[in-house]
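Participant: Handing you a structure now.
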Amino acid sequence: MQSNRHPKVVQVALKIPFADHLDYQLPETIDPPPLGGRVLVSLGHTKQVVGVVIGFAENSPHNSLKPIIDVLDKAAFFNEKNLALFKQAAKYYQITLGEMIFTALPSWYKKTTNKPVPLQKWWQAKKTLEQAQKLLVAAPKQLEVYQYLNAHGPITSKSLTHITASAAQVCKQLAEKGLAQANELCLVDNQSASDPGFTLTDDQQAAWLKIQKNDNLFKVMLLDGVTGSGKTEVYIRFIQSLLEQQKQVLVLVPEIGLTPQLFHEISQRINGQMAVLHSGLSEGARARVWHHAKTGKLDVVVATRSGIFTPFLNLGAILIDEEHDLSYKQQDGIRYSARDLAVLRGKVENIPVVLGSATPSLETFNHAQKGNYLWLKLRSRTNQNPLPTIVLQNTNTNKPTMGLSNKSLNAIRSHLADGNQVLVFLNRRGWSPKMICHECGWVAECDDCDVYLTYHKHLNLLKCHHCDRRYLLPEFCPACGSQHVETMGVGTEKIAEGLKENLSGIDIVRFDRDSVKTPKQWQQNLETVRSGNPCVIVGTQMLSKGHDFPLLSLVVVVNVDNSFFSSDFRSTEYLAQLLTQVSGRAGRAETKGEVIIQTQFPDHPFFDALFTQGYEAFADQQLVERTELQFPPTTYLAIIRAQHRDANVVESFLTEMTTCCNQNQHVNVLGPIPALIAKKQKMHRMQIILNGNQRRALHALIHQLKKQFNADKVQWFVDIDPVTFE
Ligand code: ADP
Ligand code: ZN
Ligand code: ZN
0 MQSNRHPKVV QVALKIPFAD HLDYQLPETI DPPPLGGRVL VSLGHTKQVV GVVIGFAENS
60 PHNSLKPIID VLDKAAFFNE KNLALFKQAA KYYQITLGEM IFTALPSWYK KTTNKPVPLQ
120 KWWQAKKTLE QAQKLLVAAP KQLEVYQYLN AHGPITSKSL THITASAAQV CKQLAEKGLA
180 QANELCLVDN QSASDPGFTL TDDQQAAWLK IQKNDNLFKV MLLDGVTGSG KTEVYIRFIQ
240 SLLEQQKQVL VLVPEIGLTP QLFHEISQRI NGQMAVLHSG LSEGARARVW HHAKTGKLDV
300 VVATRSGIFT PFLNLGAILI DEEHDLSYKQ QDGIRYSARD LAVLRGKVEN IPVVLGSATP
360 SLETFNHAQK GNYLWLKLRS RTNQNPLPTI VLQNTNTNKP TMGLSNKSLN AIRSHLADGN
420 QVLVFLNRRG WSPKMICHEC GWVAECDDCD VYLTYHKHLN LLKCHHCDRR YLLPEFCPAC
480 GSQHVETMGV GTEKIAEGLK ENLSGIDIVR FDRDSVKTPK QWQQNLETVR SGNPCVIVGT
540 QMLSKGHDFP LLSLVVVVNV DNSFFSSDFR STEYLAQLLT QVSGRAGRAE TKGEVIIQTQ
600 FPDHPFFDAL FTQGYEAFAD QQLVERTELQ FPPTTYLAII RAQHRDANVV ESFLTEMTTC
660 CNQNQHVNVL GPIPALIAKK QKMHRMQIIL NGNQRRALHA LIHQLKKQFN ADKVQWFVDI
720 DPVTFE
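According to numbering that gives the first Met the number 0, the sequence shown is numbered sequentially starting from 0.
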């Protein structure tokens, strides 16, 4: 607690790996900073940095404390609930409090200059055009600005500078005359808030009743609904009811591309202020969203992963759409899971958390099955359309050329002829994933990484998809000198070209990281698809997520067989999620959907479990297997990853660490083993996998390792609850 007296010592969390806070002395001349406020301090010999006050004391175990240089916030920046979340999260992810706080804090607020958040003024016309014309007879410039405001507001004065350079000034003059009004937020146009007047399906109704019964206290709910079952409608009803109680709502989506769609759907249905928050925004814009959420001006924030840290004045609930999505796990720096933190935050703030998915992760599924989470099932589609027909096509008997078999091509032609659209899904970009020598079997690999090079035809180059290094094509095999060096396998580039050759006059729209590099390209591609003409979409994973393509009636999935040979115990779970999600794209609207899966193993039991029995039954079986094999979610996992230019150095370092772990009876240690990508950018990468049946014992062990191996020359870190083995 903040004392009224002048505390002598201030505990400050900083972005440092060795302590949760450092003590600083508070000079008599400086007013005490608020708990949770930012201060300016010096760190090391010269550096000045921003820190966050996490406590006060009368004295410190350390001598000769440095002074607080300046207090940056007059009122708390983080409230006590925010600090409590950071403390628990730091403990869970085995990092310092400062590391957690500074992972959360937008960069704008980390600057020592402490510039105020760049607020915006959105101008809006207040009177009719006739009234303005009467008042502005003698002021033609003002009238011109007014006319524009009237037609296009709310708008910032920056967007009016094409009329006059002094637009800001003119807007003020209009305000003085009572004609215009400024707002800090771009108001969502509430006039258009509409109600589609749906009668909820029985499933939706049952789910909605259960949510209402919950009193809005902490409870995790799994909204488990097949694609097209109307999950969004349930979110919206919940949001509406929370807004009526003057509460705020945080909605998370897995990727930036999904924010506009959900934002739009929600904004049409509520009376309130909304904002999006993601890494595509400028620093200032992100800081602004925090500012408005903190001060209670925003009602709904639709955000990606890092949005989980947004401070709110009165948060009422957190909704996580597509909760199974791996994008919720941060894959560098502090490897937190936004979904798991949402549950933690729900507990800290005592508010409900809704996890939505058509294919829940096994972790979440397990909690639902055990009754830890309230399980809300939506099993029927709102339009009563049946789920798509699944065809497993054997590629041993239907040999594909350019990636697609004749049968698939004919199906594509027939769906296009009916005026529909088609998606060809393939999780591999480029022309082909390998270049090999037919004489000796040599395969082109990256010099710096342990991966094959991908051939990109439009560049006529080989590219490493891990470090982006590029290579010229070899004319001869470097191993045997043969000229029989050829590309093998197929990627999206090749599929798209094959389709162009076979389907003249049809648009082929490619969605992958090579062809969609900017939001604008993304938008252009979407527009081509939304225009409604028959077309073929060729896409990678980028497209498997909640995008709605109403005219899509056929999905062809190319090459999923690698998953059957993966060493990742989750690979079948991921494949099941992917296939279910991708299939769900087919036939969302009026048309009956069809899905073709090209595979060498049509008789694999995996397909039978997933497609004849459904995802829930599949997940059930998987859970039994995981329990037998002692893998998560039955057990708890952490990976220690290390890398070094010298392979021997990493190996002996991790071997030493392994020896320290081996005495622990609750934790199973595997390794050191090479990472899935054993070499990346010249660094040799190895890992040890810690698998424990008690989370507490596992975390205690990691804590001990962190202390013991703290100042080592080998770069290493811990990944708690890892989702990949890269
Ligand atoms: P999901 O997110 O579960 O895949 P959506 O929320 O996108 O499904 O809903 C699919 C479609 O059904 C949307 O176009 C939505 O507007 C519509 N919809 C939702 N609820 C109903 C309802 N009760 N009656 C009719 N249509 C509905
Ligand atoms: Zn060769
Ligand atoms: Zn490389």
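The beta-carbon is built from N, C-alpha and C at its ideal position, and this holds for glycine as well.
1. At what residues does the beta strand (DSSP E) containing residue 635 begin and finish?
2. Whole angstroms is fine: what's the gap from residue 499's alpha carbon to residue 507's?
3. Strictly by DSSP, which residues pair up with residue 393?
4. Within the same chain, show all residues whose beta-carbon is closer than 7 angstroms to that of residue 188, passing over the 5 residues directly before and after it, in chain order.
5. For the beta strand (DSSP E) that residue 10 lies in, which residues bound it at each end?
6. Quick one: what does DSSP say residue 436 is sitting in, helix, strand or coil?
7. At 3 residues or longer, and completely inside the segment 177 to 258: list those beta strand (DSSP E) runs for me, N to C.
8. Is residue 7 near ligand 1, judged by its Cβ being under 6 angstroms from some heavy atom?
9. Closest to residue 174 by CA distance: which of 627, 93 and 120 is it?
10. Tell me whether residue 683, by its Cβ, gets closer than 6 angstroms to a heavy atom of ligand 3.
11. Below 6 angstroms, is the gap between the Cβ of residue 465 and the nearest heavy atom of ligand 3?
12. Identify whether residue 292 lies in helix, strand or coil by the three-state DSSP scheme.
13. Let me know the secondary structure DSSP gives residue 308 once reduced to three states.
14. Measuring straight from C-alpha to C-alpha, what distance separates residue 22 and residue 321?
15. Tell me the residue span of the beta strand (DSSP E) that contains residue 453.
16. Does any heavy atom of ligand 1 sit closer than 6 angstroms to the C-beta of residue 95?
17. Note the first and the last residue of the continuous beta strand (DSSP E) segment covering residue 365.
18. Comparing alpha-carbon positions, which option in 289, 237 and 282 lies nearest residue 274?
19. Inspect the CB distances between the segment 232 to 248 and the segment 389 to 400 and report whether three or more fall short of 8 angstroms.
20. Quick one: give me the first and last residue of the beta strand (DSSP E) that residue 23 is part of.
21. Any heavy atom of ligand 3 inside 6 angstroms of the beta-carbon of residue 447?
22. Starting from residue 274, trace the beta strand (DSSP E) both ways and give me its first and last residue.
23. Assuming residue 317 is part of the beta strand (DSSP E), what are its boundary residues?
24. Flag this pair as yes or no: are the beta carbons of residue 677 and residue 449 separated by less than 7 angstroms?
25. Suppose only complete runs of 4+ residues qualify. What are the alpha helix (DSSP H) ranges in the segment 83 to 118, listed by chain order?
26. Starting from residue 534 and walking both ways along the beta strand (DSSP E), at which residues does that stretch end?
27. With respect to 6 angstroms, is the separation between the Cβ of residue 741 and the closest non-hydrogen atom of ligand 2 below this value?
28. I'd like the list of long-range same chain contacts for residue 501, defined as Cβ closer than 7 angstroms, with 5 residues on each side in sequence excluded.
29. Would you call the CB atoms of residue 728 and residue 359 closer than 7 angstroms?
30. Taking 6 angstroms as the line, does the beta carbon of residue 478 fall inside it for any heavy atom of ligand 2?
31. Touch check for the segment 656 to 669 and the segment 687 to 701: three-plus C-beta pairs under 8 angstroms?
32. Here's a check: name, in chain order, each residue in its chain whose Cβ is nearer than 8 angstroms to the Cβ of residue 78, leaving out the five neighbours to either side.
33. Kindly indicate which three-state DSSP category residue 662 falls into: helix, strand or coil?
34. On the criterion of 16 or more Cβ atoms from any shown chain inside 10 Å, does residue 402 qualify as buried, or is it exposed?
35. Could you check where the alpha helix (DSSP H) with residue 495 kicks off and where it finishes?
36. Under DSSP, the beta strand (DSSP E) around residue 486 begins and ends at which residues?
Facilitator: According to the data block:
1. 635 to 643
2. 7 angstroms
3. 598
4. No answer about residue 188 holds up, because its pLDDT of 48 lies below 50 and its placement is not dependable.
5. 8 to 12
6. strand
7. 179 to 182, 218 to 224 and 247 to 251
8. no
9. 120
10. no
11. yes
12. helix
13. helix
14. 42 angstroms
15. 453 to 455
16. no
17. Run containing residue 365: none in the beta strand (DSSP E); it sits in the alpha helix (DSSP H), 361 to 369.
18. 289
19. no
20. 21 to 24
21. yes
22. 273 to 276
23. 314 to 319
24. yes
25. 96 to 103
26. 534 to 538
27. Residue 741 lies beyond the range of the chain shown here (0 to 725); nothing can be said about it.
28. 408
29. Coverage of the chain is limited to positions 0 through 725, which leaves residue 728 absent and any answer about it impossible.
30. yes
31. yes
32. 35 and 310
33. coil
34. buried
35. 491 to 501
36. 484 to 487
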